[in-house]
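Participant:
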Amino acid sequence: VTCEAPPGAGTISVWAKQEFVGGLGAMTVVSALGNTGCETWCTADKGVRYLASLTTGRGVNRINHPNLAPEFAIMESETNPDPVEDEYLKTPVLNCTDIGKVTLRFKSETVIANNTLQEVVLSIDGGLTFPTRIFKYNEPGAADNGLFDDGEDSVYAERTFVVPQADCQSSVVFAFHYKGPGNSRFWAVD
Numbered sequence: 001v002t003c004e005a006p007p008g009a010g011t012i013s014v015w016a017k018q019e020f021v022g023g024l025g026a027m028t029v030v031s032a033l034g035n036t037g038c039e040t041w042c043t044a045d046k047g048v049r050y051l052a053s054l055t056t057g058r059g060v061n062r063i064n065h066p067n068l069a070p071e072f073a074i075m076e077s078e079t080n081p082d083p084v085e086d087e088y089l090k091t092p093v094l095n096c097t098d099i100g101k102v103t104l105r106f107k108s109e110t111v112i113a114n115n116t117l118q119e120v121v122l123s124i125d126g127g128l129t130f131p132t133r134i135f136k137y138n139e140p141g142a143a144d145n146g147l148f149d150d151g152e153d154s155v156y157a158e159r160t161f162v163v164p165q166a167d168c169q170s171s172v173v174f175a176f177h178y179k180g181p182g183n184s185r186f187w188a189v190d
């Protein structure tokens with residue numbers, strides 16, 4: 001375990017930051033099951049996970065605070081209706097042809113469920129397929145899941161990943177993938 005600063009920004013920025021104010025901006029949502037509205041990734045906080053300047057056991061307690069309104073994308077699975085999910089929140093297609101070292105940074109807050117897959121994946125074919133896993137919180141049945149109890153308090157992190165598979169690629173898409181049986185907590189990203 002090391003405690004090092006994340007790598008600094010280079011001289012080229014392909015996509016600097018997504019603002020989640022009143023919508024998903026340049027991000028898009030794909031539901032493998034046809035879910036729409038806030039039954040997939042959205043910016044409306046249907047589960048009221050965000051309470052400005054307050055901390056709750058299973059809330060969005062660190063992303064965007066102390067702003068009065070939530071400004072993040074959230075996959076809310078626990079608030080009715082709560083259908084089966086297989087949901088992708090995707091970046092636009094990024095041209096990284098001139099980028100020799102691609103870095104992905106994001107903030108994430110979640111309550112992990114035993115029966116849900118939460119992962120960050122990479123496509124280099126414009127988002128048609130996502131064969132490369134960059135990170136996962138949990139995967140049902142996997143032997144390498146972290147130590148946690150289903151439904152414990154929110155897990156928050158600011159994550160930085162160097163993604164060499166995206167270096168010098170012309171059709172890069174990152175996605176936040178949430179797959180579960182419904183009624184399975186939440187995942188918020190910024």
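When you line the sequence shown up against my numbering, it's residues 1 to 190, in that order.
Backbone N, C-alpha and C fix where the C-beta goes; we use that ideal spot for every residue, glycine too.
In this text, all values refer to a predicted model and were calculated from it rather than measured experimentally.
Write down the C-beta distance between T110 and W187 rounded to the nearest angstrom, noting that I regard them as a contact closer than 8 Å.
Facilitator: 4 Å
Participant: Just the Cα atoms here: how many angstroms apart are T129 and A166?
Facilitator: The alpha-carbon separation between T129 and A166 amounts to approximately 14 Å.
Participant: I need the DSSP call for C168, collapsed to helix, strand or coil.
Facilitator: coil
Participant: Apart from the five residues just before and just after A51, which ones in its own chain have a Cβ nearer than 7 Å to its Cβ?
Facilitator: For the sequence presented, residue 51 should be read as Leu rather than Ala. Correct list, in chain order: G59.
Participant: Quick one: Cα of E139 to Cα of R133, how far?
Facilitator: 12 Å
Participant: Could you give the C-beta distance for E201 and N35, rounded to a whole number, given that I count them as a contact under 8 Å?
Facilitator: The structure shown has nothing for residue 201, since the chain only spans 1 to 190.
Participant: With the cut-off set at 7 Å, would you say P70 and S53 are in Cβ contact?
Facilitator: no
Participant: In angstroms with no decimal places, state the Cα-to-Cα distance between Q169 and N95.
Facilitator: 7 Å
Participant: When you compare the segment 147-167 with the segment 27-44, are there three or more beta-carbon pairs, one atom per stretch, that lie closer than 8 Å?
Facilitator: no
Participant: Thinking C-beta only, is E85 closer than 7 Å to N183?
Facilitator: no
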